[in-house]
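Chains as they are written, first to last, in the working numbering: chain E, 890 to 1042; chain Y, 890 to 1042.
Contents: one structure, followed by commentary.
Number of protein chains: 2
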Amino acid sequence: MIQTPLAAQVTQTLRAQGGRMTAQRRLILDLLQESDSHPTAEELYALARQSDPSLNLSTVYRTLNWLEERGFVSPRRFDDNHAHKHFDPVQPDAGHVHHFHCRNCDRVIEFSAPQVEQLLGQIRGEIARQHGLRVDDAALVLSGLCMDCAASA
Amino acid sequence: MIQTPLAAQVTQTLRAQGGRMTAQRRLILDLLQESDSHPTAEELYALARQSDPSLNLSTVYRTLNWLEERGFVSPRRFDDNHAHKHFDPVQPDAGHVHHFHCRNCDRVIEFSAPQVEQLLGQIRGEIARQHGLRVDDAALVLSGLCMDCAASA
DNA sequence: ACACTATTGCAAATCGTTTGCAATAAACCA
DNA sequence: TGGTTTATTGCAAACGATTTGCAATAGTGT
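This is how it looks when you write it as structure tokens:
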């Protein structure tokens, strides 16, 4: 059986923990890996049902939570209002990535910017000292219109 | 009647739009203005009920939404998981503010960092060109432990 | 003071997500 | 290969945060 890298890695972890690789999980994993815009559970569910109409939404959520607990995806909310989580497949090798969120179509685009890393290094220390905080993480989120939405506007 | 700046401003807008300044709204506005850590609706509700036990949670939500629609507060989610909105009173004069979120006590601390503004100026153009995006806004969120939580850890 | 209608409290609905449970099906073993 | 074990599924019901319909209440301009 051909496996996408993600599915292969997950299968290993699964085996090691007495878990089982099911058709549903494989489907969800493959869709997650293909997708470039970090999908929400609903989006993944809609896609998955094209291949397996009997798949249940709660299975999608359970799979995503399982993946999250083991560090294979990380959830993010981009919309401050009625917000659903987007699931971001984690590439262990890639450094810190930042995100752009299209406020029209809800699509998410990843980018990395070395200058940002550098600045964050400074800022973190400075802010930490100034306010007495312990800064563990920094996320930069840009928002606006993606290429497609900008074109059709 | 003594009015906090926020309440005064809101009253003006209210009048201009045929709205009414009620005791509930005044209470919520004053608490919002006093509070330094951007409170959630529930937090505001709990505080407000100390003065007015008959206040209803839906009134808090309605007031916050009304304020949001007119640009007096802006909602933000900091926790990527089970997340509630925090409401951030908007100071028209202050420039772009960024946020620190304590992952232990959920407190939010504002800060401004001119260097970030500067960098964003560069990045925005670069990212925009590179990915064909139109970048309208940028938010930097730091997270970790606030002073109090860091001390007691 | 009166009338007009914006706003309230209440209860029920909503949205995204989670959970209990009995039925199903991977994985391990004879 | 078939049988056993138990992790995983589908379903329906529960969940927490937020929103809504509605009749009762109370600001505001006259």
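Idealized CB from N, CA, C, for every residue including glycine.
What's the gap between the Cα of A972/Y and the Cα of E999/Y? Here residue 972/Y refers to the residue found at position 83 of the second sequence. Here residue 999/Y refers to the residue found at position 110 of the second sequence. Each residue's Cα considered, the two are about 19 Å apart.
Which residues, in order along the region 953 to 978 of chain Y, keep a beta-carbon less than 7 Å from a beta-carbon of chain E? P964, R965, R966, D969, N970, A972 and K974
Segments of 3+ residues assigned as beta strand (DSSP E) that fall wholly inside the region 909 to 935 of chain Y: none
Any chance you could list the beta strand (DSSP E) runs of at least 3 consecutive residues sitting entirely within the region 962 to 990 of chain E, in chain order? 962 to 965 and 975 to 978
Does DSSP put Q906/Y in a helix, a strand or coil? By 1-based counting over the second sequence, the position of residue 906/Y is 17. Residue state, collapsed to three classes: coil.
Beta carbon proximity, R1018/Y to chain E, threshold 8 Å: As a working mapping, residue 1018/Y is identified with position 129 in the second sequence. It does not; no Cβ of chain E falls within 8 Å.
May I ask you to report which of helix, strand or coil DSSP gives S1001/E? Working through the first sequence from its first residue, we reach residue 1001/E at position 112. Reduced to three states, the DSSP call for S1001/E is coil.
Round the Cβ separation of V979/E and F961/E to the nearest angstrom and send it over; I've been treating them as touching at under 8 Å. Along the first sequence, read from residue 1 onward, the residue named residue 979/E stands at position 90. Along the first sequence, read from residue 1 onward, the residue named residue 961/E stands at position 72. The pair is a contact, with the Cβ atoms about 6 Å apart (cut-off 8 Å).
Return yes when the Cβ of D969/E is within less than 8 Å of the Cβ of P964/Y, no when it is not. Here the question's residue 964/Y lines up with position 75 in the second sequence. Here the question's residue 969/E lines up with position 80 in the first sequence. In contact: P964/Y and D969/E (Cβ atoms closer than 8 Å).
Collapsed DSSP secondary structure at L1031/Y in the structure displayed: On the second sequence, position 142 is the one that residue 1031/Y refers to. In this structure, L1031/Y counts as strand in the three-state DSSP scheme.
Where does I891/Y fall in DSSP's three states? Here residue 891/Y refers to the residue found at position 2 of the second sequence. Because I891/Y carries a pLDDT of 49, less than 50, the predicted location of this residue cannot be relied on, and the following value inherits that uncertainty. Note: I891/Y maps to coil in three-state DSSP.
Indicate whether H1020/E and D977/E have their beta-carbon atoms separated by less than 8 Å. One-based indexing of the first sequence puts residue 1020/E at position 131. One-based indexing of the first sequence puts residue 977/E at position 88. No, these two residues do not count as a Cβ contact at 8 Å.
Anyone know if the C-beta pair for V1030/Y and H975/Y falls short of 8 Å? For the purposes of this step, residue 1030/Y is taken as residue 141 along the second sequence, with counting starting at 1. For the purposes of this step, residue 975/Y is taken as residue 86 along the second sequence, with counting starting at 1. Cβ distance not < 8 Å, so V1030/Y and H975/Y don't count as in contact.
Mind checking the region 1023 to 1041 of chain Y against chain E and listing, in chain order, the residues whose C-beta falls within less than 7 Å of any C-beta there? R1023, V1024, D1025, D1026, A1027, A1028, L1029, V1030, L1031, S1032, G1033, L1034, C1035, M1036 and A1039
Expressed to the nearest angstrom, what Euclidean distance is found between the alpha-carbon atoms of Y950/E and E932/E? For the purposes of this step, residue 950/E is taken as residue 61 along the first sequence, with counting starting at 1. For the purposes of this step, residue 932/E is taken as residue 43 along the first sequence, with counting starting at 1. Roughly 11 Å separates the two Cα atoms.
Partners in chain Y for Q1002/E, counting only beta-carbon separations shorter than 8 Å: Here residue 1002/E refers to the residue found at position 113 when the first sequence is read from its first residue. The sequence given here places Ala at residue 1002/E; Gln does not occur at that position. Near A1002/E (Cβ distances below 8 Å), the residues of chain Y are I1012, E1015 and I1016.
Specify, as a first and last residue, the run of the alpha helix (DSSP H) that R951/Y falls within. On the second sequence, position 62 is the one that residue 951/Y refers to. Residues L946 to E958.
Tell me whether D941/E sits in a helix, a strand or coil according to DSSP, three-state version. Residue numbering aside, residue 941/E sits at position 52 when the first sequence is read from its first letter. Three-state DSSP puts D941/E in coil, outside helix and strand.
For R1013/E, name the three-state secondary structure that DSSP assigns. Within the first sequence, residue 1013/E is the residue found at index 124, counting from 1. Residue state, collapsed to three classes: helix.
Between Q1004/Y and L1008/E, which are expected to be in contact by the criterion C-beta below 8 Å, what is the C-beta distance as a whole number of angstroms? Walking along the second sequence from the start, residue 1004/Y turns up at place 115. Walking along the first sequence from the start, residue 1008/E turns up at place 119. So it is a contact: roughly 6 Å between Cβ atoms.
Should the region 907 to 916 of chain Y be regarded as contacting the region 939 to 950 of chain Y, the criterion being three or more beta carbon pairs within less than 8 Å? yes
Determine, using beta carbons only, whether G1021/E comes closer than 8 Å to chain Y. As a working note, residue 1021/E is residue 132 in the first sequence. Yes, G1021/E counts as interfacial toward chain Y.
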